[in-house]
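Trainee: For reference, the structure I am asking about is given below.
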Amino acid sequence: MAGQLHRRDVVAALLAPRTPDTLVIAGLGSSAWDVTASGDSDRNFCLVGGMGLTAIIGLGLARTQPNKNVLVITGDGDMLMGMGSLATVANVAPRNLSICVLDNELFGETGGQPTHTAGVTDLAAIAKGAGIPLTSTVRTEGELKTIVGSVHNEAGPQFHAIKIMHEELDSPKPPLDGGYTKDRFRIALLGEAAAVGGFRG
Amino acid sequence: MTKTDWPAQIFDVLRAQGITQVCHVPDAGHDRLITLCNAQNDMAVTTLTTEEEGVGLLAGAWLGGERGALLMQSSGVGNTINALALPAACQMPLLTIVSMRGEWGEGNPWQYPAGQGAPKALEAMGVAVFRANNAEDVAETVEAASKIAFSSNKQTAVLLSQRLIGAKSF
Ligand SMILES: Cc1ncc(C[n+]2csc(CCOP(=O)(O)OP(=O)(O)O)c2C)c(N)n1
């Protein structure tokens, strides 16, 4: 059943408790616009392509930055394309990774065609079956509040499918130049030297 | 004449290049290298469900400040194609080592299409392709590709010829 929650409110709530130790990877399209609407940050890495890769990028980052909290925010279409990565995430099992799917049951960016979650597919059940210990499907404000607490305070890996409504919204763009976004993120996290070729990290 | 232990040499190059993240969908040609990496405590080895995950995983690791390498079979190259847009668009380094099938004396006809297509597919996506045909060339080829990747934020691939690994008969 399609959701009642508004995506911009959901993302604002997810990001409200963020600190400089919170690193955000946003999936292509609407999720990237939502994260940007909550405030552009040098600790956001917003995808504008690379469909299916958002969660696994989050895994690579979480693994190399165990003292930071990595939050993946993406769409159901993107997550469905990278479903195998849930199994990889579960087996690596980083404590500092949360994956939040904004599930409008549609490919929103491409005209609103229904995705598999509009049919019979349950993403939280898939995440659980992949072996992710903490999973939920969120439909209400109260449930949203609970998972905002767990994303920022409890050990991962965690996976939350948040049922949202379909809305036509504006598209606040993150920087579209990937080279800039990457350098900006690495400088914020690792210092000035991270922009220089050959940097050893 | 002693046989060159090229998988151990690749391992030594990866260590010397500061590579701490290794990910793979396994191939027999990479088996010994994967075993060596698994035995190394300060190397994180990740088994993937599909090769495109490796491109994303290593991009995330690079954002976090670590260098990695993706090990795959030539049949996995096709799985990575759209994912290769990520390091290309973001000017991120990528080093992949591809064990080739579908070429020298291949006995499995299903390996030919992806084996013959792999270098072209990589090049089409902007990856610089290097090839090692002989055991003696492997270490320096991997080192050269790694230097280009990490000093210039380029995507590079080393193809390990099937001649090196040995033809597989069916
Ligand atoms: C490999 C690939 N296939 C198709 C597309 C086209 N495309 C762009 S966004 C998108 C839908 C994303 O849907 P979802 O993740 O559910 O996000 P929503 O916009 O619904 O929030 C698609 C199919 C693409 N960018 N890449």
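Chains as they are written, first to last, in the numbering used here: chain A, 1 to 201; chain B, 1001 to 1170. Just so it is clear, CB atoms sit at the ideal spot from N, CA and C, and this is done for glycine as well.
Locate the beta strand (DSSP E) running through Q1155(B), then write down its first and last residues.
Mentor: Q1155 to L1160
Trainee: What runs of the beta strand (DSSP E), each 3 residues or longer, lie entirely inside the segment 1035 to 1110 of chain B?
Mentor: 1044 to 1047, 1067 to 1073 and 1094 to 1099
Trainee: Taking the CB atoms as reference points, tell me whether G1117(B) and E1103(B) lie closer together than 9 angstroms.
Mentor: no
Trainee: Between the Cα of L1070(B) and the Cα atoms of A1044(B), Q1091(B), L1063(B) and G1064(B), which residue gives the shortest distance?
Mentor: Ranking A1044(B), Q1091(B), L1063(B) and G1064(B) by Cα distance to L1070(B) puts A1044(B) first.
Trainee: The beta strand (DSSP E) with G75(A) in it runs from where to where?
Mentor: Taken as a continuous stretch (DSSP letters only), the beta strand (DSSP E) holding G75(A) covers N69 to G75.
Trainee: How long is the line joining the alpha carbons of D22(A) and N69(A), rounded to whole angstroms?
Mentor: Strictly speaking, residue 22(A) in this sequence is Thr, with Asp absent from that position. If you take the alpha carbons of T22(A) and N69(A), they lie about 5 angstroms apart.
Trainee: So, at 6 angstroms on beta carbons, what are the nonlocal neighbours of G29(A) in its own chain, with the 5 sequence-adjacent residues on each side left out?
Mentor: E109
Trainee: Measure the beta-carbon distance from A32(A) to V10(A) and round it to whole angstroms, keeping in mind my assumption that it falls under 8 angstroms.
Mentor: Not confirmed; about 15 angstroms, so no contact.
Trainee: Show which residues of chain E have a CB atom less than 8 angstroms away from the CB atom of T88(A).
Mentor: Although the question refers to chain E, the structure presented lacks it and instead comprises the protein chains A and B.
Trainee: Taking one C-beta from the segment 1144 to 1163 of chain B and one from the segment 1087 to 1105 of chain B each time, how about it: are there three or more such pairs within less than 8 angstroms?
Mentor: Segments in contact, yes.
Trainee: Using a Cβ-Cβ cutoff of 7 angstroms, what residues of the segment 58 to 72 of chain A are near chain B? List them in chain order.
Mentor: G58, L59, G60, L61, R63, T64 and Q65
Trainee: In terms of residues, what are the limits of the alpha helix (DSSP H) holding Q1017(B)?
Mentor: Annotation for Q1017(B): no alpha helix (DSSP H) segment contains it, and DSSP assigns it neither H nor E.
Trainee: Report buried or exposed for N1134(B), applying the criterion of at least 16 other Cβ atoms within 10 angstroms of its Cβ.
Mentor: exposed
Trainee: Just reading off the beta strand (DSSP E) that H160(A) is part of, what are its end residues?
Mentor: Q158 to K163
Trainee: Which residues in chain B have a C-beta closer than 8 angstroms to the C-beta of F159(A)? List them in chain order.
Mentor: Per Cβ cutoff of 8 angstroms: no residues; F159(A) is ~16 angstroms from chain B at best.
Trainee: Are the beta-carbon atoms of G60(A) and G1056(B) separated by less than 9 angstroms?
Mentor: yes
Trainee: Assuming the contact rule is C-beta atoms closer than 8 angstroms, H1024(B) and T1047(B) should be a hit. Round their C-beta distance to whole Å, please.
Mentor: Confirmed, about 7 angstroms.
Trainee: Which term fits G198(A), buried or exposed, when burial requires 16 or more other beta carbons within 10 angstroms of its beta carbon?
Mentor: Any answer about G198(A) is weak, because its pLDDT of 49 lies below 50 and its placement is not dependable; what the coordinates show is given next. Exposed, since its Cβ has fewer than 16 Cβ neighbours within 10 Å.
Trainee: Please confirm if M79(A) has its CB atom under 9 angstroms from at least one CB of chain B.
Mentor: no
Trainee: Could you name the residues of chain B that F185(A) contacts, counting a contact when the two beta carbons are closer than 9 angstroms?
Mentor: L1063
Trainee: What does the alpha-carbon distance come out to for the pair G201(A) and T64(A)?
Mentor: Here the model assigns G201(A) a pLDDT of 44, short of 50, so the residue's position is not dependable, and the following value carries that caveat. In a straight line, the C-alpha of G201(A) is about 10 angstroms away from that of T64(A).
Trainee: Can you give the beta carbon distance from Q1155(B) to A1124(B), rounded, assuming they're within the 8 angstroms contact cut?
Mentor: That pair is no contact at about 12 angstroms.
Trainee: By Cβ distance below 8 angstroms, which residues in the same chain neighbour D1012(B) in space, the five residues on each side in sequence not counted?
Mentor: A1139
Trainee: Would you report the Cα separation of P174(A) and D42(A), rounded to the nearest angstrom?
Mentor: 10 angstroms
Trainee: What are the boundary residues of the beta strand (DSSP E) that A1132(B) is part of?
Mentor: A1128 to A1132
Trainee: Below 9 angstroms between beta carbons: does that hold for F1130(B) and A1157(B)?
Mentor: yes
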